[in-house]
Amino acid sequence: MQWLTMLYFYHRSLNINPFTPTILSFFVFNSLLQIGDGLCSIPWTSHWWHGERQILISDNHWSHFGECVQKNDDHFFLFKSNISRLTCFRCVFPSLVHENVLQYKTTKCISDREMSLEKCREKLSGDAPMETLFRVDGKAEKCPLSTPLNFTYQNAQGICASRTSNIQKCVNEKRLKIQYEACPELPNTEAAGIEIECIGWWESLGWKFLASRLIQSAKKKASHRCIILDGDNSKGRLGISADSSCHELTHLSAASTLISYRIDTELVSNCDFPEQFDKMDWIAASTTHKHQFRGGEWTSSHSSKRHSQRLCLTETAQSSRSMEMLGNDNEPINQIIRFFRVHVTDGCTVGYQCVKMTEILSTVIQIEFGIVSPNEFESCGEEMIVIQRETIVHHKAQTNCPSRGLHFIPSCSFPVFESGCTNRQHFHLRKTCQQESEKITCLATWMEGNQVFLLAKQNHHSIQCLLLTGTRVRSFPLTPCHSQSIQFTHPALDFTTTNAETCTTGLFAGFLSSSFTAIPFKTFTFLIFFMFLL
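Heads up: the sequence shown begins at 1 in the UniProt record's numbering, then just goes up one per residue.
Right, dumping it as structure tokens:
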């Protein structure tokens, strides 16, 4: 009836009989209805995390408060729900402090059927907790902290001041790694690291706040932390909430963990990687990541996203040796072996690492990675413990294919492996006798003893390592082309050829090797007969 009362007084103000229908009254009546329809819309429609569970806020409904029945701008809302035949009203006072963070206070359930927004506002308790919601699909943003930071910390168990912990930025600048060191004065503590993703920061009452998402959490059960900041880029204090509720984190003393930090010196490279590696793109055989060397900085990326970064600190050793290996021109290869101590940021793993780089060819580098350690001065040489191997190849590499000719197996009348017949830098490989062959480009090849290693690529697909031992052919997709890596890897393709023919010219050779498409036996017989007639 409220709109009728408003319409009545509106007509009286214009000295119009309130019961006389006019065009103006029609439009006023219609507009009032429209305002009433959208009077209690909620602007923050989305799925939100509330603690460890998701809630939904729709146009006029808040999943655990019910339907919105009245509001004052976007500052105060009155919600109504029915619980076990009981009508429940709640007053909610929300504040969108960041696009990804919604905070609110609310009254308890009120079962007064005559409840209004004005009456409900009076029911809010001064000590009502501040609740925090985090947008489920909230996008991460660059973290506001300058790193690296050294810190000491304090929690419910006591103060850890005898050991220095640290905060490092991950390769992704929207993430941080907080590494807590164990303390002798806190016997129940262990060294532990947590990785967080920054999803929003804001200022309130002179404090800076940061909302973060724990990276280790599963998407269906996200976990968040609120952080309160007091300080600047050089020194200050951080307070971290105990859980996702962020209850009453309005001052540092309410934090579960209190950190006192100072900025640390940022590392810079002290040496350069070899000049011949510089300003060229290299592709990893096992991951297809792109590797780039720029002076003393070495980065790997995938789909334009940086995956790791290494800074050259020292070149600890360099040697060369002539191996029983043959390169593209059947000349012995003089390997150059280098050891580098680097500082690595791989995802959120940060530390020091020994790296062995062996230059197989001018277009191929074998890399062996040591363990990542917090200790800068661990030995770096032949005694290093290898935890990972990789082969990187120059992105424009191409070479003549080895084992030129047509290679057959008993079960197939067509060659399963044709190398360098139609093009010296291409070969065709048939996985089964029934399948059409695949055209593959040879990138680089070398010999170790009686084994021929071949890096090859099919169109824009991933790189594969092929191992040719006598008449045996094995294929290892997405595998470092390294003898020790292949030794423990099951090949995707493994066959032994029984006979081989040389590449020939003319109609018969083109028929055999140009496309390798299976042709019916009758057609084959007819073509042979036709050739003899000619």
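Glycine included, each C-beta is placed from N, C-alpha and C at the ideal position. Just so it is clear, the structure is predicted and the values come from calculations on it, not from any experiment.
Worksheet item: Name the DSSP beta bridge partners of Ile57, please?
Response: Note: Ile57 sits in a beta bridge opposite Ser46, Trp62.
Fill in: Three-state secondary structure (DSSP) of Arg121
In the structure shown, Arg121 adopts helical secondary structure according to DSSP, grouped into three states.
Worksheet item: Short check: CB of Ile167 to CB of Tyr261, under 8 Å?
Response: For Ile167 and Tyr261, yes; Cβs fall inside 8 Å.
Worksheet entry | Cys354 versus Ser212 - alpha carbon distance | C-alpha separation (whole angstroms): 33 Å.
Worksheet item: Which class does Gln398 belong to by DSSP, given the choice of helix, strand or coil?
Response: In the structure shown, Gln398 adopts coil according to DSSP, grouped into three states.
Discussion item. Short of 7 Å in beta carbon distance, which residues of its chain neighbour His395, apart from the five on each side in sequence? Order them along the chain.
Written reply: For His395, same chain residues with a beta-carbon under 7 Å away, outside a window of 5 residues either side, are Asp281, Trp282, Ile283 in chain order.
Practice prompt. Pull up the distance between the alpha-carbon of Asn375 and that of Leu186, whole angstroms please.
Written response: Going by C-alpha positions, Asn375 is about 23 Å away from Leu186.
Worksheet entry | Assigned exposure category for Arg113 - 16 Cβ within 10 Å defines buried | Arg113 comes out exposed.
Item to complete: Report the rounded CA-to-CA distance for Leu527 versus Glu418, giving the unit in angstroms.
Response: Unreliable placement is indicated for Leu527, whose pLDDT of 38 sits below 50; no coordinate value is reported for it.
Discussion item. Within 10 Å of its beta-carbon, does Ala444 have 16 or more other beta-carbons around it, so buried, or fewer, so exposed?
Written reply: Looking at its Cβ environment, which holds 16 or more other Cβ atoms inside 10 Å, Ala444 is buried.
Worksheet entry | Residues of its chain near Glu190, where Cβ-Cβ distance is below 6 Å and the 5 sequence neighbours each way are ignored | Taking C-beta separations shorter than 6 Å and ignoring five residues to either side along the sequence, the partners of Glu190 in its chain run Ala182, following chain order.
Discussion item. Threshold first: 3 residues or longer. Then list the beta strand (DSSP E) segments lying entirely within the stretch 365–438, N to C.
Written reply: For the beta strand (DSSP E) assignment, the uninterrupted runs of no fewer than 3 residues enclosed by the stretch 365–438 are, from N- to C-terminal side, 386–394, 405–408, 417–419, 426–429.
Discussion item. Check for me: the alpha helix (DSSP H) holding Ser483 runs from which residue to which?
Written reply: Segment 483–487, the alpha helix (DSSP H) holding Ser483.
Discussion item. Between the alpha carbons of Val364 and Thr497, how many angstroms are there, rounded?
Written reply: Straight-line Cα distance between these residues: approximately 28 Å.
Worksheet item: Can you name the residues that DSSP bridges to Ser319?
Response: Listed as beta-bridge partners of Ser319 by DSSP are Ile337.
Discussion item. By DSSP's criteria, Ile159 is part of a beta bridge. Which residues make up the other side?
Written reply: Answer is Gln154.
Item to complete: Counting only the same chain and skipping the five closest in sequence on each side, list residues whose C-beta sits under 6 Å from that of Asp278.
Response: If we look at Asp278 and ignore the five residues flanking it on each side, its Cβ neighbours are Phe293.
Worksheet item: Secondary structure at Ser165, three-state DSSP: helix, strand or coil?
Response: Taken through DSSP and simplified to helix, strand or coil, Ser165 comes out as strand.
Worksheet item: With which residues is Thr299 paired in a DSSP beta bridge?
Response: Partner(s): Gln292, Gln309.
Practice prompt. Please look up how many angstroms separate the CB atoms of Thr288 and Ser413, rounded, as I've assumed it's under 8 Å.
Written response: Between Thr288 and Ser413, the beta carbon gap of about 35 Å keeps them out of contact (Cβ cut-off 8 Å).
Worksheet item: Is the number of C-beta pairs between the stretch 124–131 and the stretch 148–164 that are closer than 8 Å three or more?
Response: Under the three-pair Cβ rule at 8 Å, the stretch 124–131 does not count as touching the stretch 148–164.
Item to complete: Could you tell me which of Arg472, Cys226, Leu96, Lys80 sits nearest to Cys109, measuring between CA atoms?
Response: Sorting Arg472, Cys226, Leu96, Lys80 by C-alpha distance to the C-alpha of Cys109 places Lys80 at the top.
Worksheet entry | Phe273, buried or exposed, once every other Cβ within 10 Å from all chains shown has been counted against 16 | Of the residues assessed, Phe273 falls on the buried side of the cut-off, its CB having 16 or more other CB atoms within 10 angstroms.
Worksheet item: From Gly138 to Asp59, what distance separates their C-alpha atoms?
Response: Pairing Gly138 with Asp59, the inter-Cα distance amounts to about 19 Å.
Fill in: Identified DSSP bridge partners for Gln70
Answer is Leu78, bridged to Gln70.
Fill in: Distance, Pro491 Cα to Glu99 Cα
Taking the straight line from one Cα to the other gives about 50 Å.
Practice prompt. State yes or no: is the C-beta of Ser475 nearer than 7 Å to some heavy atom of the ligand GDP?
Written response: In the structure shown, the ligand GDP is absent, as is every other ligand, since no ligand is present at all.
Item to complete: Tell me whether Glu203 sits in a helix, a strand or coil according to DSSP, three-state version.
Response: Secondary structure of Glu203 (DSSP, three-state): strand.
Practice prompt. Return helix, strand or coil for Ala456, following the three-state DSSP convention.
Written response: Strand, per DSSP.
Worksheet item: Are Lys71 and Phe77 closer than 8 Å when you measure CB to CB?
Response: For the pair Lys71 and Phe77, the CB atoms are nearer than the 8 Å cut-off.
Practice prompt. Tell me the start and end of each unbroken alpha helix (DSSP H) in the stretch 86–136 that is at least 4 residues and wholly inside, in chain order.
Written response: Taken in chain order, the whole alpha helix (DSSP H) runs of length 4 or more contained in the stretch 86–136 are 117–121.
Practice prompt. With DSSP collapsed to three states, give me the class of Phe209.
Written response: In this structure, Phe209 counts as strand in the three-state DSSP scheme.
Worksheet item: Would you say the stretch 301–315 touches the stretch 340–359, given that touching needs at least three Cβ pairs under 8 Å?
Response: Proximity of the stretch 301–315 to the stretch 340–359 meets the contact definition, three or more beta-carbon pairs being nearer than 8 Å.
Worksheet item: Would a C-beta distance cut-off of 8 Å place residue 557 and Gln484 closer than the cut-off?
Response: This structure does not reach residue 557, given that the chain is present from 1 up to 534, and the question cannot be answered.
Worksheet entry | Val416 and Phe495 closer than 8 Å at C-beta | Judged by beta-carbon spacing, Phe495 lies within the 8 Å limit of Val416, meaning their Cβ atoms are closer than that value.
Practice prompt. Have a look at Asp127, Leu258, Cys481, Ile263 and flag the residue whose alpha-carbon is nearest the alpha-carbon of Lys235.
Written response: For the residues Asp127, Leu258, Cys481, Ile263, the minimum Cα distance to Lys235 belongs to Ile263.
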